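S.K.: Quick one: the structure is below, and I'll ask about it shortly.
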Amino acid sequence: MNKRFDRYIFFRMLGITLFVLVMLIFIFIMVDFSENSDDFADQGATMVEIFNRYYLNYVPEMTRLVLPVAVFVACLFLTGQLSDRLEITALKAAGVSLYRLIVPYMIFAILTAASISLLDAYVIPKSNAERIAFEEEYLQDKSENIDRSDIYRQPSPNTKLQVNYFDKTKQIAYRVRLIEFEDRQITKSTTANRMKWIDSTQTWRFENVTEQFFTETGFIEKEYREKDTVLSIFPRDLARTTSDIYQLTYEEAVDYIESIERSGAGGIEIPQVQFYGRLAYPFSIIVVIIVGFAFASVRRRGGKGAYLAAGLTISFLYLAFMKIIEPFGYYGTLSPAVAATLPHIFFFVVGLILLFQAKK
Numbered sequence: 000m001n002k003r004f005d006r007y008i009f010f011r012m013l014g015i016t017l018f019v020l021v022m023l024i025f026i027f028i029m030v031d032f033s034e035n036s037d038d039f040a041d042q043g044a045t046m047v048e049i050f051n052r053y054y055l056n057y058v059p060e061m062t063r064l065v066l067p068v069a070v071f072v073a074c075l076f077l078t079g080q081l082s083d084r085l086e087i088t089a090l091k092a093a094g095v096s097l098y099r100l101i102v103p104y105m106i107f108a109i110l111t112a113a114s115i116s117l118l119d120a121y122v123i124p125k126s127n128a129e130r131i132a133f134e135e136e137y138l139q140d141k142s143e144n145i146d147r148s149d150i151y152r153q154p155s156p157n158t159k160l161q162v163n164y165f166d167k168t169k170q171i172a173y174r175v176r177l178i179e180f181e182d183r184q185i186t187k188s189t190t191a192n193r194m195k196w197i198d199s200t201q202t203w204r205f206e207n208v209t210e211q212f213f214t215e216t217g218f219i220e221k222e223y224r225e226k227d228t229v230l231s232i233f234p235r236d237l238a239r240t241t242s243d244i245y246q247l248t249y250e251e252a253v254d255y256i257e258s259i260e261r262s263g264a265g266g267i268e269i270p271q272v273q274f275y276g277r278l279a280y281p282f283s284i285i286v287v288i289i290v291g292f293a294f295a296s297v298r299r300r301g302g303k304g305a306y307l308a309a310g311l312t313i314s315f316l317y318l319a320f321m322k323i324i325e326p327f328g329y330y331g332t333l334s335p336a337v338a339a340t341l342p343h344i345f346f347f348v349v350g351l352i353l354l355f356q357a358k359k
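Residue 0 is where the sequence shown starts when you use numbering that gives the first Met the number 0, and the numbers rise one by one after that.
Below, the structure written as structure tokens:
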């Protein structure tokens, strides 16, 4: 073994991966456009807007999603080709271990995983935010709101907030009630027709306000036309969607989850599973390299078609396992970290078993 062979494997993997990636993205765009073209036309979106605001911003996310599949197909194709030509057999006969053969594959996998992780941490969230804003404007049926009405939050241990409806576009809450209590006794109740977010001061402005102060002898009532209030609640805490995590950098995502915990909102497991899933997803590239190499390094009947069919089958099982496990994390049956990482751990173990059982 020499560096020439390592470079050959690395650059062949890179070339095949890019080719498969472009083909998968092209197919995805064609299918998506055929499904949404009527909605685009009905909402008045132009082709320039569709291309620039939607699909160009969709490409980074599509790349993140399908890159493990592209790498897996490339690994199966290249390794299967080497196996069919008996090149792997010749190298093993020359005393080269199968573990040494996988080294350039692993270098490619690690570099690819690190690259996509960096993109997911800083670049992809911004493009996702632009794309999702376009979807909300032109694809109304793609709304992913978690909280729609009767929203409850707990700004502090002794305060509870109820909002009948929140318009995240205007950042205005309607029919608001803020209750403060002490020793399980209500001490103050504030009701308002509207609560508007003032970005310049980072405060909420109550409009048409009625305050009631409760004492042992009765209560005192005050009314205001407007009153600014500081709460540990932000607009994003009242307008959560299932895609929020994918629009935030890693640092912003951590802060977002902490703010949900502070606000007392339910359903915190959903963003936690999504965040841990984002962190673990690049590791799937390393997993599929191990599985693909171990499977294709043994010569099989059927040639390249058998390898590609196996690749599609294993990819489907991998993705299906991830989607099946996620709801267990959403509903608390499994911890969010376990739900997000279990499929990767399972297939990693499968890959190691296949690699150990392969003829050395």
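Even for Gly, the Cβ is constructed at its ideal location relative to N, Cα and C.
A quick note: this is a predicted structure, and the numbers were derived from the prediction, not measured.
Quick check for students: name the residue ranges of the beta strand (DSSP E) that lie wholly in the region 150 to 202, counting only runs of 3 or more.
M.R.: Segments of the beta strand (DSSP E) lying fully in the region 150 to 202: 158 to 166, 171 to 181 and 184 to 197.
S.K.: Pick out whichever of Tyr53, Ala69, Leu75 and Ala40 has its Cα sitting closest to the Cα of Phe18.
M.R.: For this step, residue 18 is matched to residue 19 along the sequence shown. Of Tyr53, Ala69, Leu75 and Ala40, the residue nearest in Cα terms is Ala69.
S.K.: Quick one: what's got a C-beta closer than 7 Å to Ala73's C-beta in the same chain, skipping five residues either side?
M.R.: Translated into positions along the sequence shown, residue 73 becomes position 74. Excluding sequence neighbours, Ala73 sits near Met12, Ile15, Thr16 and Val19.
S.K.: What is the DSSP secondary structure of Phe205, counted as helix, strand or coil?
M.R.: Residue 205 sits at position 206 when you count from the first residue of the sequence shown. Strand, per DSSP.
S.K.: Could you tell me which residues DSSP puts in a beta bridge with Glu225?
M.R.: Walking along the sequence shown from the start, residue 225 turns up at place 226. Paired residue(s): Glu206.
S.K.: Do you know whose CA, among Ile150, Lys91 and Phe71, lies nearest Leu177's CA?
M.R.: Reading the sequence shown from its first residue, position 178 is the one you call residue 177. That would be Ile150, whose Cα lies nearest to the Cα of Leu177.
S.K.: Ends of the alpha helix (DSSP H) at Ser283?
M.R.: Here the question's residue 283 lines up with position 284 in the sequence shown. First-last of the alpha helix (DSSP H) with Ser283: Phe282 to Ala295.
S.K.: Going by Cα to Cα distance, which pick from Glu181, Gln211, Ile197 and Val21 is closest to Val229?
M.R.: Within the sequence shown, the letter at position 230 stands for residue 229. Cα-wise, what sits closest to Val229 is Ile197.
S.K.: Could you compute how far the alpha carbon of Glu60 sits from the alpha carbon of Ser283?
M.R.: In the sequence shown, counting from the first residue as 1, residue 60 sits at position 61. In the sequence shown, counting from the first residue as 1, residue 283 sits at position 284. Taking the straight line joining both Cα atoms gives about 16 Å.
S.K.: Within this structure, are the beta carbons of Ser231 and Arg261 separated by less than 7 Å?
M.R.: On the sequence shown, residue 231 is found 232 positions in, with the first residue counted as 1. On the sequence shown, residue 261 is found 262 positions in, with the first residue counted as 1. Result yes, Cβ atoms of Ser231 and Arg261 sit closer than 7 Å.
S.K.: Measuring only between beta-carbons, confirm whether Lys169 sits less than 7 Å from chain C.
M.R.: Although the question refers to chain C, the structure presented lacks it and comprises just one protein chain.
S.K.: What does the Cβ neighbour count give for Ser314, buried or exposed, with the cut at 16 atoms within 10 Å?
M.R.: Numbered from its first residue, the sequence shown carries residue 314 at position 315. Under this definition Ser314 is a buried residue.
S.K.: How long is the line joining the alpha carbons of Asp233 and Ile185, rounded to whole angstroms?
M.R.: Position 234 of the sequence shown, counted from the first residue, corresponds to residue 233. Position 186 of the sequence shown, counted from the first residue, corresponds to residue 185. Note that residue 233 corresponds to Phe in the displayed sequence, not to Asp. Straight-line Cα distance between these residues: approximately 24 Å.
S.K.: Shortest alpha-carbon distance to Ile344 belongs to which of Val297, Arg6 and Ile289?
M.R.: As a first step, residue 344 is located in the sequence shown; it is residue number 345 there, counting from the start. When each option's Cα is compared against that of Ile344, the closest is Ile289.
S.K.: Return helix, strand or coil for Ser231, following the three-state DSSP convention.
M.R.: By one-based count along the sequence shown, residue 231 stands at place 232. In this structure, Ser231 counts as coil in the three-state DSSP scheme.
S.K.: Roughly how many angstroms lie between the CA atoms of Tyr54 and Ala128, to the nearest whole one?
M.R.: Residue numbering aside, residue 54 sits at position 55 when the sequence shown is read from its first letter. Residue numbering aside, residue 128 sits at position 129 when the sequence shown is read from its first letter. So the alpha carbons of these two residues sit roughly 13 Å apart.
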